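For what it's worth, my numbering labels the leading residue of the sequence shown as 168, then goes sequentially.
Every residue gets a Cβ at the ideal spot worked out from N, C-alpha and C, and that includes glycine.
Only a predicted model underlies this, so the values are computations on that prediction, with no experimental measurement involved.
Have a look at the structure below before the remarks.
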Amino acid sequence: MNLLPAEPVVSSAWRQRLDRLRDSTRSSPPTDLAAVVRDELRIDLTARYAGITIPHPFGKGSGQLSHTVRQVEADVEAGVAFVVLKTVIAEDSAGRRSMGEWATDVKQMKVERVSSASGREGWTVTWKGRGWSGVLAEYLDFYSAAQLAANERDVPIIPSVKYHLPDPDESVSIDEYRYTTRELLRVWDKVGCGGDMVVEKDLSPTLAGDERAGDRKTVLAWIELVPRLVDLVAPERVRLGIKLMNALFDDRFQLEMIRAARSAKPPPAFLVVFNRLFDPDRGIAFGGWDLSDRNLRVLDRAAREFDGLPPLSATGNICSGRMMLEYARRGCENGQIHTFFQLPMSEYTATGGSRSARALHTLMLHPTEGIAVWLRHLRESGELGERDGVTHFLDVSRHATPR
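Structural data, given as structure tokens:
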């Protein structure tokens, strides 16, 4: 699929409406900015995550920006559509962790510019951390408090888990799956969420550089194994998403991972595509344009190769509404963001509000990179229709990937 053009083309009258809305909200972006966009610009940003309707497609991905209750509270107040919590390392009933080396206490992150192979300059976050450094009991308290903080505004709060991934000659620790999943479910039921609990299984970018991920068959076996074990220990209680990594193999293997997920029994409820690239020489994961270029390229190939895909959650260089639409045009129903919530304040269109609120304001209302202006471009160019006089974000992903 061709990329969007260099500049959006919209009528001068509509652009004036966009400018007025951006100027009137920049000093204090409202929590319900997506609703304001619908009312003022006739653009419906309603999206979906794991089958859940959300007000717009911009959520926070798992990481160092989602490991405290204060962070969750600030995101809920800002209007972030959903929050995936930092990844916890699964434990068995005796407190043992097969993936314990992924529990690290590294807090320092460095936001910096990064140049891509194509010469474009983007943003990345340099950080050598991995998963939640504490024990499961502490994470359960955090998960409970985060859910309670989000209940009033009905913002989905999603635990991310690194379950045991066995070597070919190693038995899987089923008790880690059983104990961790059931303890998370206990919290889920206690805070009164109801229905299926949504969980993400993290195939982290640092795993790509680990020797256990050096065998293709092993990685594919993991992808088929995890949904089966989660369903075994908590049948019909968990809506599982698998966050696929960018492996240190070619694009073809990215497609093989999607194929393995589609053939799993039961298949995951959704896929997160795809985690950051990994630099084995520096021992760090990174993002920027190289990441989104690869992700979009693979999704284009997946659309041609597979007859339908699972629901997709995008991640990777979503530093603009334009990029969110590029992913949506390839079937993604939402986007998980980390880096863009950490940029210098001068990069945002808003002048007031929290960092998350300013980021959302920019993602929606930037004059040339915001999602509103690009949805209007698609409407005026004839690529996207409207219903009842309203342009709908979800129509983009619906048309990209027939269900």
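Supposed contact pair Ala539 and Gly488 - C-beta distance, whole angstroms, cut 8 Å: 7 Å
Euclidean distance between Cα positions of Ser283 and Leu492: If you take the alpha carbons of Ser283 and Leu492, they lie about 21 Å apart.
So, with DSSP's three-state summary, where would you put His559? strand
For the beta strand (DSSP E) that Met266 lies in, which residues bound it at each end? Taken as a continuous stretch (DSSP letters only), Met266 belongs to no beta strand (DSSP E), as it is neither H nor E.
Taking DSSP as the reference, what is the three-state secondary structure of Arg215? strand
Pull up the distance between the alpha-carbon of Leu458 and that of His528, whole angstroms please. Roughly 24 Å between the two C-alpha positions.
Whose C-alpha, out of Arg429, Lys384, Phe309, is nearest the C-alpha of Arg395? Arg429
Bounding residues of the alpha helix (DSSP H) (the contiguous stretch that carries Met424): 418-430
By the 10 Å Cβ neighbour count, where 16 or more other Cβ atoms means buried, how is Pro175 classified, buried or exposed? buried
Please work out which residues of its chain come closer than 7 Å, Cβ to Cβ, to Val243, disregarding the five sequence neighbours upstream and downstream, and give them in chain order. Closer than 7 Å at Cβ, skipping near neighbours: Ala316, Ala317, Arg320, Val322.
For Ser195, count neighbouring Cβ atoms within 10 angstroms of its own Cβ and tell me buried if that reaches 16, exposed if not. exposed
Do Leu476 and Gly498 count as a contact pair if the criterion is CB distance below 8 Å? yes
To the nearest angstrom, how far is it from the Cα of Ile409 to the Cα of Arg426? 13 Å
Is the separation between the beta-carbon of Tyr216 and that of Ser521 shorter than 8 Å? no
With distance defined between alpha-carbon atoms, name the residue in Val250, Leu188, Glu240, Arg209 nearest to Ile221. Val250
In chain order, what residues of the same chain have a beta carbon less than 6 Å from the beta carbon of Leu332, not counting five sequence neighbours either side? Trp389
Could you tell me how far apart the beta carbons of Ala414 and Val386 are, in whole angstroms, since I believe they sit closer than 8 Å? 6 Å
Can you find the residues in the same chain that come closer than 8 Å, C-beta to C-beta, to Glu403, ignoring five residues on each side of it along the sequence? Asp363
If contacts are defined as beta-carbon pairs under 8 Å, then Ser340 and Ser265 qualify, I think. What distance do you get, rounded to the angstrom? Taking C-beta atoms under 8 Å as the contact rule, Ser340 and Ser265 qualify, at a distance of about 5 Å.
Given a cut-off of 8 Å on the beta-carbon distance, is the pair Val405 and Thr348 in contact? yes
DSSP three-state assignment for Glu244, whether helix, strand or coil: helix
Taking the alpha-carbon positions, what's the Gln120 to Val557 distance? Only positions 168 to 570 of the chain appear in the structure, and residue 120 is not among them; the question remains open.
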